[in-house]
Amino acid sequence: MPIVRKVIALLMVAGAAGCGDDPGIPDPPAPSGGLVTAGPVVGCPDAIGQEDAPRDTYQVVADVVAVPAADRVLEPAPQTSGEGPTRLFAKWGLLVRAGAVVDVSLLPGWADRARLGWGDTDAGPAAAVRVTACRDGAGWSVFAGGTWVAEADCVPIRITTATGGDATAELSIGAPCSRPGG
């Protein structure tokens with residue numbers, strides 16, 4: 261049994277070291293606006309990597325989150341068991357500036373049409389997700405996941421930051437957000 265405890269302790273230390281979780285550094289403040297709908301919390305252990313800056317095909321929202329640019333159409337794939345708002349899935353990475361805490365949520369009225377999700381949570385697709393980026397470095401934490409939709413659409417999402425910022429971005433999931441004539 262002692263070897264098992266040592267392995268668990270080693271894994272806990274390695275996980276904490278990789279995310280910059282220094283007990284002497286306070287956690288960043290939580291977004292003041294709160295989640296629109298209770299949802300999963302995704303943190304540093306869920307990040308798949310870090311980038312120095314978002315790519316050209318991404319747009320920065322509220323200075324702390326990067327999402328695919330609205331003119332980039334993300335092609336959704338059918339889900340084997342998906343029905344309703346989880347029928348199709350478009351994979352894309354969410355980038356969150358180091359040390360930031362943000363809420364990413366669907367706008368009111370979208371819960372029956374779309375879902376969001378990143379990281380390795382058991383909660384599954386949700387209408388809102390809180391994301392806590394790694395605190396180390398000056399770059400951006402990258403989280404794998406994406407958007408589920410009932411049908412191809414332009415999906416508006418809200419970004420709420422710890423500093424009280426609130427912004428909306430559009431995601432072209434199977435259909436362009438910039439439609440001719442308006």
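For the sequence shown, my numbering begins at 261 and goes up steadily by one.
Where a beta carbon is used, it is the ideal one built from N, C-alpha and C, also for glycine.
What is the residue span of the beta strand (DSSP E) that residue i lies within?
{"i": "Thr407", "result": "405-409"}
{"i": "Glu311", "result": "309-311"}
{"i": "Val328", "result": "A quick correction: the sequence has Pro, not Val, at residue 328. From DSSP, the beta strand (DSSP E) with Pro328 extends over 325-328."}
{"i": "Arg390", "result": "388-392"}
Going by the CB atoms, is the gap between residue j and residue i shorter than 9 Å?
{"i": "Ala322", "j": "Ala427", "result": "yes"}
{"i": "Ile419", "j": "Val324", "result": "yes"}
{"i": "Val391", "j": "Asp363", "result": "yes"}
{"i": "Gly406", "j": "Ala360", "result": "no"}
{"i": "Ala404", "j": "Ile433", "result": "no"}
{"i": "Asp306", "j": "Thr381", "result": "yes"}
{"i": "Ala329", "j": "Trp400", "result": "no"}
{"i": "Arg373", "j": "Ala410", "result": "yes"}
{"i": "Val415", "j": "Leu355", "result": "no"}
{"i": "Ala383", "j": "Pro345", "result": "no"}
{"i": "Ala386", "j": "Pro300", "result": "yes"}
Tell me, please, which residues DSSP counts as bridged to residue i.
{"i": "Arg375", "result": "Trp408"}
{"i": "Ala427", "result": "Ile419"}
{"i": "Arg357", "result": "Trp400"}
{"i": "Gly434", "result": "Asp413"}
{"i": "Ser365", "result": "Ala388, Arg418"}
{"i": "Pro338", "result": "Leu348"}
What I want to know is whether the C-beta of residue i ends up closer than 8 Å to one or more non-hydrogen atoms of the ligand GDP.
{"i": "Val333", "result": "Ligands displayed in this structure: none; no statement on the ligand GDP is therefore possible."}
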